[in-house]
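Going letter by letter, the sequence shown gives residues 1 to 1142 in the UniProt record's numbering.
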Amino acid sequence: MPRLASKLSALKPKYPIVVVGSGYGGGIAASRLARAGREVCVLERGREFQPGEFPDNELEASRSSQAEIPGLAKGRIGSRLALLDWHIEKEFNVLRGCGLGGTSLINANVALEADPKVFEDPRWPRALVTDLDGPLRDGYRRAREVLDPKPYPGDWPKLPKLEAHRRSAEAMGERFERVPINVSFEDRVNAFGVEQSKCTLCGDCVSGCNYGAKNTVAMTYLPDAWNHGAEIFTEIEVERVEARDDGLWAVHYTPVAKGCAFEADAERVVLAEIVILAAGTLGSTQILLRSRAHGLSTSACLGEGFSGNADVLGFGYNTDHRINGVGAGARGPDPRAPVGPTITCAIDGRTAARPLAEHFVIEDAALPGAIDAIYARALDGASEAWGEDTDGGAIDYLSERHRALRSRLPGGARHGAVANTQTYLGMALDSGAGKLHLDERGRLRIDWPRAEREPVIEALNARILAATAALGGTFVPNPTWSNHFESCLVTVHPLGGCAMAEDASVGVTNHKGQVFRGTAGAAVHEGLYVADGSVIPMPIGVNPLLTISAVAERSVALLAADHGWTINYDLDHRPVPPREPPEPPGVGVRFTERMAGFVSLVDPEQPHERAYAAGEDAGTSLSFVLTLSTDDLDATLDDPAKPMTLDGTVDAPALAPEPLQVSGGRFSLLSADPEQLDTTNMIYAMTLTADDGRCWSFRGVKYVHDDRGLDLWRDTTTLFVDVHDQDGALVARGLLHIALADFARQLSTMEATGTQSRVERLEAVTRFGRFFAGSLFDTYADVFAGPSVFNPEAPPRKRRPLRTDAPELHYMFTSDGVQLCLTRYRGGDKGPVILCHGLGVSSRIFTVDTIDTNLVEYLFAHGYDLWLLDYRASIELAASADPASADTVAAIDYPEAVAEVRRLTGATSVQMVVHCFGSTAFFMSMLSGALTGVRAAVASQTAAHVESAPLVKLKSGLHLPTALAALGVDTLTAATDRDARWYEKLYDRALDLYPVDDDERCASASCHRISFMYSLLYEHDQLAVATHETLHELFGVASVAAFDHLARMVRAKQLVDAAGSDVYLPHPERLAIPLRIIHGAENACFLPAGTKKTYAWLREHNDPELYSYVEIPNFGHIDCIFGERAATEVYPHILDHLERNL
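Take a look at the structure:
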């Protein structure tokens, strides 16, 4: 099928209608209004997918996942364009689709109507309820005509999971039915000119259909909209909408593609007479919340009434029946063992005899094959931890164990226990008591305390247990619903937030989807609509796509009628002549450039250099952020004079107070200069448009002289600018420049488009980069380098001498025979101060020579007597490979090391600076009463309470250290080298899958191992390049026993001993010493909330004046110790506390 999306540069400044989002509501609005002859623009955050481009293996699945985690400082991991879009909260998680077609790309496309009883609820507006048999019924019919739902055909191959579900329904005494699904069971060209293949029964509907068999919005409504003239744009995120005085709506957006990203990228604006928000329950609500924060008047109910549709996921693990419930993935469909569409049937508990509150459906499901390797261990481990076996007996037990072992063999997801596992998706009617709101950083949050304890959730799990019992399996509830994960719910059917209602006192939109203007009454914002799941005011107890579509069809029909437009619903109607599809894009490149400088408006005819100086004196600045792109790299390199496209914004306060929108932008890479020998020009030409409609033409030229040398930098980073008004008069002249940091950033945004492999992407970027910037590209091209590991054959690097006296080494043996080391740097008589490192490192973290000033040098210069303790977890000691918990360090190492320092110095007490695992052991040692003689301390990153990041929780909740121990793995190491054994290299390659924010990705294998073992321990931009390149010197082996102890604390959210017992927190009075806690705000391992809890706890139980807390902005975990800027932004806080407690 042809690509539907146009290039961003084709986006016009103004449209009659802008539709935000491309799911069911957005697709319907675009299709129907385009059929009414209206000019429609569709804006979608995700990218456009074609059949064959959806993930079908682990690597692709990892790259296709993103997670918005408001609890994290950065708030997100993964690409904003990734298909599988998670929103993760403490009480509630949401999965939605990100791409052209919205969640229809990844749902099971089940098209069930809501029970008529649902519409008897008073939350629905009366105008809608009174026409159930009119416009709403028409909406259902029209949606069915387009989406074409059908049950799984009776004459197709029998599906074991369908037959098993029938068996469960019979045992439960409930109704069984094959549900209508939007799937094609024949090869065809559909009514919208899209060629579709029949369903292959691969079972991978929820990771995207690679065969074109699903009747998604991208296969139906959107091509229909495109056929009728709609303009569709992808990779655009709408931030907010603004009502203008002239009656138009300003839609504020930002491009989200890597090649368009820039820290200083300004919001862009497109104007519209009518805006239809259809960005989904979370998206549309967030846009309106942000709009309200910028002054838009809305109902106070905005964000309320959020529902998860009582979605419940569960598993009938290791049943006595073959299920075939795992998708084919990269293996491809197996006709001998068909899986079927993801959902084919339901146990339907919506009967006339039951009150609406007790209605439910339980559908069969299939797990996506892309990640089939994880299922055997995950399900087996979950069944052991919190599963409920529904049958018994010795023979049954042996059979179950045999099947479980078979599933652990290669390809085991299709054999044994996993092949006999039924996946269930249940739905019912929850209370809809959730609330969406923005936090202080403008991020969307979901609040729904104790949602997981709603009776309907408990009842639905009980029914899934009964369905499992009919098959003789072990019931495994959704792992996140277990106590190990704080009983968090997951929904794929979020509803509400912009609920339609009678008036603004009880809802956000009226029955037409128009947004109420104010907190009371029925007045609306003219031209502002919502058309997606967010307007549904309550749960509906079944898959909601058909009801969302019917309501959207109704709303759009009413909108058209209100404006006197006629929608042609005839599916045989096609525009004449038919619209020609664009040529398929070839291999291209795009990147973002930022330039800034000054222009003069007083005497623009003067030379550019003088105009720049005059503009600088007058303060008339001008800057831009532009995305430059080409869809044909070969043609661009063959003919550099052929224009590339430009789009973006220009900030010129002297011309207009708001950013000017760029249109018609053209960039000629290298055009010969007709007036200067051996000179080529880079030419920028574009139209600038202000919000009030005024326009200017912008022309900029970079003069690139063929004189080699350092002038190349000046030539390629200096732009000579002229700005003319609409009459052609020159109104501004000056110069713009690229800062060195911006140039490096510019190269990092360079992205290949239209490529099919990583190698092809790198080749394209390298070809263009070297042509565009010559040797300057090679200077900064390390951002494109491949994996990097330590070369053991390389000569030792030259180290800089520390600005300290020679250290003294004092070795000591503990009472249990372990050798420790104390390294003394005597900078004066202050202290003594003992510095304690974390897990998997050594005291060398305090003496790194790759930064200008390390912590030892800093404190040495201030006159401190420093003692660096390498306790038994230090990678410098042989004991680090032995099993040891923090209990042992707390009970033995710390008390005996402190006693030794006091003996050697004659001091009555010491001060301590403790980091991470070393800080954890310090709190244990003090609270247990084992450690005395400490008069003050600074604790870095950890304390007595633990709040961990979601990935740390996941590894701890799945008992990963225990699993590693069971496999005979007793240590992990972050050290890598080129001579690593094959399985170590495989380990490093596998860690490429580990989810990390795009901004934190790098090529260091040591860095990847560190992130896997501990989570990301630093902000990359806080590390010196030399430090990052020598991480293998600082990190090494760590005991799995120590990880297991940490995992227990993560699960307990506080200090516990290695057995999990609460033995430390009963005595807060033992920590009645001056204590300062420092914590990196961006810490991706342990969140500041944990140490803040300890801070409050200590202040509650002891003299509050003893304690202080410092959160370090823009720093992570260990970069607070050896970050490039730690000496100016972190160390002063440590010194201040030590000085206060001499």
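We put the CB at the ideal spot given by N, CA and C, even for glycine.
Treat the numbers as computed from the prediction; the structure is a model and nothing was measured.
In the three-state reduction of the DSSP assignment, R733 falls in the strand class.
For R610, there is no enclosing beta strand (DSSP E); the enclosing alpha helix (DSSP H) covers residues 608-618. Taken through DSSP and simplified to helix, strand or coil, H87 comes out as strand.
P477 is bridged by DSSP to G314. Between T1091 and H1079, the C-beta spacing is below 7 Å. Of the other Cβ atoms in all chains shown, 16 or more fall within 10 Å of the Cβ of P368; this residue is therefore buried.
For the 7 Å CB-CB criterion, L601 and T627 do not form a contact. For A921, the enclosing alpha helix (DSSP H) has its first and last residue at 917-928. G280 places its beta carbon less than 7 Å from that of R96. At a Cβ-Cβ threshold of 7 Å, D805 and P832 do not count as neighbours. Counting along the chain, M172 sits inside the alpha helix (DSSP H) bounded by residues 160-172. Each residue's CA atom was taken as its position, placing H437 and E304 some 9 Å apart. Of all C-beta pairs linking the region 39-47 to the region 295-312, fewer than three are shorter than 8 Å, placing the two stretches out of contact. If you look at F54, you'll find it isn't in any alpha helix (DSSP H); DSSP assigns it neither H nor E. Non-local beta-carbon contacts of G1060 in its own chain, meaning distances under 7 Å to residues more than five positions away in sequence, involve R1048, A1052 in chain order.
When DSSP states are grouped into helix, strand and coil, N543 belongs to the coil group. Apart from sequence neighbours up to five positions away, the residues of its chain that approach E947 with a beta-carbon distance below 6 Å are L1087, A1089, G1090, ordered along the chain. The continuous stretches of alpha helix (DSSP H) do not include C202, and DSSP gives it neither H nor E. A contact is defined here as three or more CB-CB pairs under 8 Å, and the region 95-110 meets this definition with respect to the region 332-347.
Boundaries of the alpha helix (DSSP H) harbouring T285: 280-293, taken from the DSSP string.
Ranked by how close their Cα comes to the Cα of A218, the residues L655, S31, A394, N324 have S31 in first place. A Cβ-Cβ contact shorter than 7 Å links A5 with T234. Annotation for V889: Y871, A921 place their beta carbon closer than 6 Å to its own, counting only its chain and skipping 5 residues before and after.
Just so you know, the alpha carbons of T717 and E616 end up roughly 18 Å apart. The alpha-carbon of D829 is positioned some 59 Å away from that of L282. Per DSSP, reduced to three states, the secondary structure at I1121 is helical. In the displayed model, T853 falls within coil according to three-state DSSP, outside both helix and strand. Judged by DSSP secondary structure, V19 falls within the beta strand (DSSP E) whose first and last residues are 14-20. Residue environment: E384 is assigned as exposed (fewer than 16 neighbouring CB atoms within 10 Å of its CB, all protein chains considered). With 16 or more other CB atoms across the displayed protein chains lying within 10 angstroms of its CB, Q196 is buried. The DSSP-derived three-state label of A873 is coil. Cβ-Cβ distances below 8 Å link I287 to V20, V238, E239, R240, V241, L277, A279 in the same chain, with the five nearest sequence neighbours on each side left out; the list follows chain order. Short of 6 Å from the beta carbon of V535, and not among the five residues preceding or following it, lie these beta carbons of its own chain, in chain order: C498, M500, T509, G513. In this structure, DSSP gives I77 an extended state, which the three-state scheme calls strand. If you compare the alpha carbons of L622, R76, R354, W448 with that of V721, the shortest gap goes to L622. Taking C-beta atoms as the reference points, G99 and G25 fail to come closer than 7 Å.
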